[in-house]
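A.B. asks: Structure in structure tokens, see below.
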Amino acid sequence: MRLADLTSPDAARHAAAGAILAVPIGATEQHGPHLPLSTDTDVALALCDHLAATRPDVLVAPAVPYGSSGEHAGFAGTLSIGQAATELLLLELGRSATETFGRVLFVSAHGGNGEPVRRAAATLVAESRDVSVFEPRWPGEPHAGAAETALQLASRPEVVHLSRAVVGDQRPLREVLPLLRAGGVRAVTDTGVLGDPTHATAEDGKTLWKDLDTQLLTHVDAWLGAVAR
Numbered sequence: 032m033r034l035a036d037l038t039s040p041d042a043a044r045h046a047a048a049g050a051i052l053a054v055p056i057g058a059t060e061q062h063g064p065h066l067p068l069s070t071d072t073d074v075a076l077a078l079c080d081h082l083a084a085t086r087p088d089v090l091v092a093p094a095v096p097y098g099s100s101g102e103h104a105g106f107a108g109t110l111s112i113g114q115a116a117t118e119l120l121l122l123e124l125g126r127s128a129t130e131t132f133g134r135v136l137f138v139s140a141h142g143g144n145g146e147p148v149r150r151a152a153a154t155l156v157a158e159s160r161d162v163s164v165f166e167p168r169w170p171g172e173p174h175a176g177a178a179e180t181a182l183q184l185a186s187r188p189e190v191v192h193l194s195r196a197v198v199g200d201q202r203p204l205r206e207v208l209p210l211l212r213a214g215g216v217r218a219v220t221d222t223g224v225l226g227d228p229t230h231a232t233a234e235d236g237k238t239l240w241k242d243l244d245t246q247l248l249t250h251v252d253a254w255l256g257a258v259a260r
């Protein structure tokens, strides 16, 4: 169930019954010539929707579609608000959300948001607010490669232009990370792709979604179990 579809009294009733507010956190940034700018936001929102379908105590907040995407500067359509603004946005959002909800879960699907999301959550926890962070992980290609392409083919095939997919830089992330930090994605690839999306399939995406959904459910169970103890 999505929070935005509820009235204020309805939200209050769900909160009183112990609802968890899941906040999808994404980005608006290039994902090569074949995937939409909304890819990270799409993944975060889908994960939250899947969680809510499994756990009726979860409400899904409107997605946060902007984040720290400065490494994608120079690619048309990328809209970045930087680390400081991302951290402040989530800090104030978390403070506001916990006025209604006893537990808030940040689900962040953009790697560049990692540090500001974790810093904001740490501050909220230090303020005695019950906040947790989940960041989906998968092996292999980190950006606009086979994994993200497969996820989108399985969930939003209408936005994938697979005929435009190109092979990008295929070096392991550990090798290109210093270059990314120093000069952004442009320093590594002109296409914006890290990996090879050309052979991605919807079936691969369905398998990966199952794994990510399990990761998230396990994370929530562990979080709630720790609270119970």
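Under the numbering used here, think of the first position of the sequence shown as 32, with each following residue one higher. Here a beta-carbon is modelled for each residue, glycine too, at the ideal position from N, C-alpha and C.
1) Nearest-angstrom Cα distance between V91 and L211?
2) Taking all protein chains shown into account, do 16 or more other C-beta atoms lie within 10 angstroms of the C-beta of G256, making it buried, or fewer, making it exposed?
3) From L136 to H250, what does the alpha carbon distance come to, in whole angstroms?
4) Under 8 Å, do P93 and E118 count as touching if we go by C-beta distance?
5) Is the separation between the beta-carbon of G236 and that of T220 shorter than 8 Å?
6) Which runs of the alpha helix (DSSP H) spanning at least 4 residues fall entirely within the stretch 161-247, listed in chain order?
7) Considering only the alpha carbon of each residue, which of V138, G105 and G98 lies closest to T79?
8) Quick one: measure Cβ to Cβ for A50 and F132, integer angstroms, because I've assumed they're closer than 8 Å.
9) State yes or no: is the C-beta of A181 within less than 8 Å of the C-beta of G63?
10) H62 by DSSP, collapsed to three states: which one?
11) State yes or no: is the C-beta of G98 within less than 8 Å of the C-beta of I56?
12) For the alpha helix (DSSP H) holding R126, just list the boundary residues, first then last.
13) With L68 as the anchor, note down where its beta strand (DSSP E) starts and where it stops.
14) Looking at V74 and A157, is the spacing between their C-beta atoms short of 8 Å?
15) Nearest-angstrom Cα distance between E166 and G145?
16) Whose C-beta lies closer than 8 Å to the C-beta of L37 among residues of the same chain, with five residues either side of it excluded?
17) Measuring straight from C-alpha to C-alpha, what distance separates L243 and R168?
18) Look at T72 and L110 and say whether their C-beta atoms are less than 8 Å apart.
19) Roughly how many whole angstroms lie between the Cα atoms of T229 and E179?
C.D. replies: Reading from the atomic positions:
1) 33 Å
2) exposed
3) 10 Å
4) no
5) no
6) 177-186 and 204-214
7) The question names Thr, but residue 79 is Cys in the sequence shown. When only C-alpha atoms are compared, the closest one is V138.
8) 6 Å
9) no
10) strand
11) yes
12) G113 to A128
13) Neither: L68 is in no beta strand (DSSP E) and is coded neither H nor E.
14) no
15) 8 Å
16) H45 and L90
17) 7 Å
18) no
19) 11 Å
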